[in-house]
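Q:
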Amino acid sequence: MQNIHHIYINGQFVTPHGTQVQELINPTTGQPRASVVLGDETDVHAAVAAAKAAYPAYSRTSKQERMAILQRMHDAVAARSEELVQVMVEEYGGTLPFCRASVQRAANSFLHTMQLLETFDFVRTAGSARVVLEPLGVVGIITPWNSSYGFICSKLATALAAGSTAVIKPSELSAAQTQILTECLHAAQIAPGLFNIVNGSGDTVGAAITAHRDIAKISFTGSTAVGKQIARGAVETMKRVTLELGGKSPNVLLEDADLDLAIPTAVAAFTFNSGQACLAGTRLIVPASRLDEIQQRIKVAVDALIVGAPADAGTQIGPLVNAAQHARVQRYIALGTQEGATLLTGGTGHPPGMENGYFVKPTVFVNVRNDMAIAQEEIFGPVLSIIAYDSEEEAIAIANDTRYGLQAYVSSRDQARANRVAAQLVAGRVFINGLYDEPLAPFGGFKQSGIGREFGTYGLEAYLEPKAMMGYSTSHESP
Ligand code: NDP
Numbered sequence: 011m012q013n014i015h016h017i018y019i020n021g022q023f024v025t026p027h028g029t030q031v032q033e034l035i036n037p038t039t040g041q042p043r044a045s046v047v048l049g050d051e052t053d054v055h056a057a058v059a060a061a062k063a064a065y066p067a068y069s070r071t072s073k074q075e076r077m078a079i080l081q082r083m084h085d086a087v088a089a090r091s092e093e094l095v096q097v098m099v100e101e102y103g104g105t106l107p108f109c110r111a112s113v114q115r116a117a118n119s120f121l122h123t124m125q126l127l128e129t130f131d132f133v134r135t136a137g138s139a140r141v142v143l144e145p146l147g148v149v150g151i152i153t154p155w156n157s158s159y160g161f162i163c164s165k166l167a168t169a170l171a172a173g174s175t176a177v178i179k180p181s182e183l184s185a186a187q188t189q190i191l192t193e194c195l196h197a198a199q200i201a202p203g204l205f206n207i208v209n210g211s212g213d214t215v216g217a218a219i220t221a222h223r224d225i226a227k228i229s230f231t232g233s234t235a236v237g238k239q240i241a242r243g244a245v246e247t248m249k250r251v252t253l254e255l256g257g258k259s260p261n262v263l264l265e266d267a268d269l270d271l272a273i274p275t276a277v278a279a280f281t282f283n284s285g286q287a288c289l290a291g292t293r294l295i296v297p298a299s300r301l302d303e304i305q306q307r308i309k310v311a312v313d314a315l316i317v318g319a320p321a322d323a324g325t326q327i328g329p330l331v332n333a334a335q336h337a338r339v340q341r342y343i344a345l346g347t348q349e350g351a352t353l354l355t356g357g358t359g360h361p362p363g364m365e366n367g368y369f370v371k372p373t374v375f376v377n378v379r380n381d382m383a384i385a386q387e388e389i390f391g392p393v394l395s396i397i398a399y400d401s402e403e404e405a406i407a408i409a410n411d412t413r414y415g416l417q418a419y420v421s422s423r424d425q426a427r428a429n430r431v432a433a434q435l436v437a438g439r440v441f442i443n444g445l446y447d448e449p450l451a452p453f454g455g456f457k458q459s460g461i462g463r464e465f466g467t468y469g470l471e472a473y474l475e476p477k478a479m480m481g482y483s484t485s486h487e488s489p
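Numbering-wise (the working numbering), the sequence shown opens with residue 11 and increments by one.
1. Can we count Arg338 as close to the ligand NDP, meaning its CB is less than 7 Å from some heavy atom?
2. Is the closest heavy atom of the ligand NDP to the C-beta of Lys238 under 7 Å?
3. Looking at Leu255 and the ligand NDP, is the gap between the Cβ and the nearest heavy atom below 7 Å?
4. Would you be able to state if there are at least three C-beta pairs under 8 Å between the stretch 162-181 and the stretch 145-153?
5. Alpha carbon to alpha carbon, what distance is there between Thr105 and Asp322?
6. Does DSSP put Leu353 in a helix, in a strand, or in coil?
7. Exposed or buried, Ala385, counting other C-beta atoms within 10 Å across all chains shown (16 or more means buried)?
8. So the alpha helix (DSSP H) Met83 belongs to, where does it begin and stop?
9. At which residues does the alpha helix (DSSP H) containing Leu301 begin and terminate?
10. Put Pro274 into one of helix, strand or coil per three-state DSSP.
11. Please report the straight-line C-alpha distance between Phe456 and Asp411, rounded to a whole angstrom.
12. Return yes when the Cβ of Val47 is within less than 8 Å of the Cβ of Gly28, no when it is not.
13. Measuring alpha carbon to alpha carbon, tell me which residue in Leu269, Leu255, Thr275 is nearest Ala437.
14. Does Gly137 pass the burial test, meaning 16 or more other C-beta atoms within 10 Å, or should it be called exposed?
15. Need the endpoints of the alpha helix (DSSP H) that Asn118 sits in, please.
16. Let me check understanding here. Comparing Cα to Cα, which of Met479, Tyr482, Leu474 lies closest to Asp131?
17. Does the distance between the C-beta of Cys288 and the nearest non-hydrogen atom of the ligand NDP fall short of 7 Å?
18. Contact defined as beta carbons within less than 8 Å: I believe Phe369 pairs with Pro329. What is the distance between those atoms, to the nearest angstrom?
19. Just curious, the alpha helix (DSSP H) that Arg439 is in, first and last residue?
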C-alpha cells in the first residue's frame, strides 16, 4: 500500500495540517492500493500565502524567464514519462494508449505555451491608449480525475505564462499521479511559491480556494453542478472564473456520410477515455433512411471492442475510476430501458469475468428520444444514444436541443454541406469528418458547458486583465 502523506507548499513537500485519511481503491481489481492524507483550510491558507509572497517578483519576470521555466518543466515531466504512464494506468485505470497520449500532452502543454508566449503581445494600443495585459494575481486551479496530469500541466503552464502564481487542488482520486507529477515539477527547480499543491476534498480545500480573498481567479474543470457552486462562491470576491464543465455532444451523420470513416469515428468519440470524457460524442444523430445500416455497423464495431485490464496492450476500454462512477453509469443504463429506449448492445452488469473491477459494458441505445434523460444528462461512461431524424433542419435542432455546448461532430462526403451544418451547431468546438488534436485551438463551452476558453491565445488572455494607460509616454520608460 502506498501512503501519500505530503502536500507541496513553497517549494517543499510538507506534512499537511489536515489529518483525514482517504483510502484509494485500484479500479481494475477493486482492492485498496493507497491512502492519502487530505489537506484542510489551514493548508490552503499556507499555500495561498506562499503563492502571494512569490507573486510580486514573478509577475515582473520577462517572457524569456517564463519560457525558460516552462522549458524546464517540460523537460522534467518528459524525463519521467514512462513512470507517469504506469502510475496513471494503475491508479486511474486509463488504457495504455490513452495514458501515453495524456502524459505526452501534459508535457507538451509547456512547450505549446512557450510557443504561444514567443509571439504574444502583452502591450497593445487602443486608439491613443496604451493597453497592458497584466497578470491577475494568485490563481486557484481545481481539477478532476479523468486526465489529471493534462489538466494540471496546461492550467499551470498558462498561469505561469501570464505571470501568475498558483494554488492547485487536484482530485484526491489522483493522489498518486499528483505525487509523481509534483516530484517532476519540483525537479524543474523553479522559485518557491510559484506553484503549490494541496490534496483535499472539494468541500474543504476546493471551497477554501473558492472563498479565499487572496485568490484572483479560478480555473476549474469538472461537473456543471460543482462549476455552478464555484461560480456562486467566486462572485463574492469577484474572482475571474474559467469553467470547463460537462457535455452531451451531438455527432451528426448526414445522409451522404462515408460510414467507413464515420462509424469508427463515432465509436471512438463515445468510448474515448473509457467514456469518461467531457467532450465525448454521446448522441449519434442519424438519418432515418440509413438507420438500419448504421445500427448494424455500430453494433458490430462496439461488440468488437476489447474491455479489459488497462495495462494490457490491446485493451480499448478500461474500468471506470471508482465505485461511485460505476454505480452512476449502471443507474443510467437501467434508466434508459425504463424510459423506453431499446438496448442495441451492452446493458447493466459487469462484462463476464470482470466482476472485481469497475468495468462496464459499452452500451448503445436505439429508439432514443432527445428528451430522455439518457440523451440529456452527462453519463460519463461508454454509453451511446442513437437518435433518428428526417431532415437536415431536424438534425440540427436535435443536436442543439441540449443544455450543453462543449463539442459537436459532423460527417458528410460533401464538404460544403458539412461546413454549413457545422456553422449551425452551438458548440465550442466542431469536428468535421474525423477527430482532431489542435492544442492551440480554444477549448470550452457554450451554455452550461462552461465559461471562458482554455488553450492558445484565448486561454492565455483569460489569465490577464487589460490596463489602459492614457497620456503614457514610451520615451520616458525606464531602461
Ligand atoms: P466534480 O465536479 O465533483 O469534481 C471536480 C473537482 O472539483 C474535484 O477536484 C473535486 O474535489 C472538486 N470539488 C468538488 N466539490 C467542490 C466544491 N464545492 N468546491 C470546489 N471544488 C470542488 O466531479 P466528480 O469527480 O464528482 O464527477 C462527477 C461527474 O462530474 C462525472 O460523472 C461527470 O459527469 C462530471 N465530470 C466532468 C468532468 C469534465 O471533464 N468536464 C471531469 C470530471 C467529472 P473532490 O474530488 O474532492 O470532489
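Cβ coordinates follow ideal geometry from the N, Cα and C atoms, glycine included.
Being a predicted model, the structure only gives us computed values, none of them experimental.
A: The structure says:
1. Residue 338 sits at position 328 when you count from the first residue of the sequence shown. It does: the Cβ of Arg338 is within 7 Å (strictly closer) of some heavy atom of the ligand NDP.
2. In the sequence shown, counting from the first residue as 1, residue 238 sits at position 228. Because no heavy atom of the ligand NDP lies under 7 Å away, the Cβ of Lys238 does not count as near it: no.
3. On the sequence shown, residue 255 is found 245 positions in, with the first residue counted as 1. Yes, Cβ of Leu255 sits closer than 7 Å to a heavy atom of the ligand NDP.
4. yes
5. Translated into the one-based positions of the sequence shown, residue 322 becomes position 312. Translated into the one-based positions of the sequence shown, residue 105 becomes position 95. Answer to the nearest angstrom: the Cα atoms are 8 Å apart.
6. By one-based count along the sequence shown, residue 353 stands at place 343. Leu353 falls in the strand class under three-state DSSP.
7. Here the question's residue 385 lines up with position 375 in the sequence shown. Classification for Ala385: buried.
8. Taking the sequence shown and counting its residues from 1, the one referred to as residue 83 is at position 73. Segment 73-89, the alpha helix (DSSP H) holding Met83.
9. As a first step, residue 301 is located in the sequence shown; it is residue number 291 there, counting from the start. Per DSSP, Leu301 belongs to the alpha helix (DSSP H) from 301-313.
10. If you number the sequence shown from 1, residue 274 lands on position 264. The answer is helix: DSSP assigns Pro274 an H, G or I state.
11. Position 446 of the sequence shown, counted from the first residue, corresponds to residue 456. Position 401 of the sequence shown, counted from the first residue, corresponds to residue 411. C-alpha of Phe456 to C-alpha of Asp411: approximately 13 Å in a straight line.
12. For the purposes of this step, residue 28 is taken as residue 18 along the sequence shown, with counting starting at 1. For the purposes of this step, residue 47 is taken as residue 37 along the sequence shown, with counting starting at 1. In contact: Gly28 and Val47 (Cβ atoms closer than 8 Å).
13. In the sequence shown, the residue the question calls residue 437 occupies position 427. With distances taken between Cα atoms, Ala437 lies closest to Leu255.
14. Along the sequence shown, one-based indexing puts residue 137 at 127. Exposed: under 16 other Cβ atoms inside 10 Å.
15. The residue you call residue 118 lines up with position 108 of the sequence shown. Here the alpha helix (DSSP H) through Asn118 covers 106-129.
16. On the sequence shown, position 121 is the one that residue 131 refers to. Restricting attention to Met479, Tyr482, Leu474, the CA atom closest to the CA of Asp131 is found in Leu474.
17. The residue given as residue 288 occupies position 278 in the sequence shown. Checking every heavy atom of the ligand NDP against the Cβ of Cys288, one is found closer than 7 Å.
18. Sequence index remark: in the sequence shown, residue 369 carries index 359 (1-based). Sequence index remark: in the sequence shown, residue 329 carries index 319 (1-based). Right, their Cβ atoms sit about 5 Å apart.
19. By 1-based counting over the sequence shown, the position of residue 439 is 429. Premise fails: Arg439 lies in the beta strand (DSSP E), 439-442, not in any alpha helix (DSSP H).
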